[in-house]
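Colleague: The structure that follows is given in the form of structure tokens.
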Amino acid sequence: MAQVVPGADLAALRPDDAFRDALELDSLDFLSFIETLSRRTGVRIDDEDTPRLVTLSGCAEFLTSHPE
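Counting in UniProt numbering, the sequence shown runs from 1 upward without gaps.
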């Protein structure tokens, strides 16, 4: 996330905050986040998965349910 939104106060994000709104991510920023998440974790993220990935807890749940 820090790569996508440099200078963002990530420590202030709560697990269920919609970070797209909280950090004012536009669609390109969000896509960049999804691509970075996939690349760094090695987990394939399909378009239909992205609605689950708008909160930190949603990302954690998705990643733990896809141990690749």
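Each residue gets a CB set at the ideal place from its N, CA and C atoms; glycine is no exception. In this text the structure is predicted, and so the values were computed from the model without any measurement.
1. Between the Cα of Ala11 and those of Ile45, Leu56 and Asp47, spot the shortest distance and give me the residue it belongs to.
2. Is Phe19 near Leu13, with beta carbons less than 8 Å apart?
3. Tell me the rounded alpha-carbon separation between Val4 and Asp21.
4. What is the DSSP secondary structure of Arg14, counted as helix, strand or coil?
5. Please identify the residue among Pro15, His66, Gly7 and Pro6 whose C-alpha is closest to the C-alpha of Thr41.
Modeller: So, from the data block:
1. As a working note, residue 11 is residue 11 in the sequence shown. The option with the nearest alpha carbon to Ala11 is Leu56.
2. Within the sequence shown, numbered from 1, the residue matching residue 19 stands at position 19. Within the sequence shown, numbered from 1, the residue matching residue 13 stands at position 13. Yes, they are a contact pair.
3. Walking along the sequence shown from the start, residue 4 turns up at place 4. Walking along the sequence shown from the start, residue 21 turns up at place 21. Val4 and Asp21: Cα-Cα distance of roughly 14 Å.
4. The residue you call residue 14 lines up with position 14 of the sequence shown. Looking at Arg14 - three-state DSSP - the assignment turns out to be coil, as it is neither helix nor strand.
5. On the sequence shown, position 41 is the one that residue 41 refers to. Minimum Cα distance to Thr41 is reached at His66.
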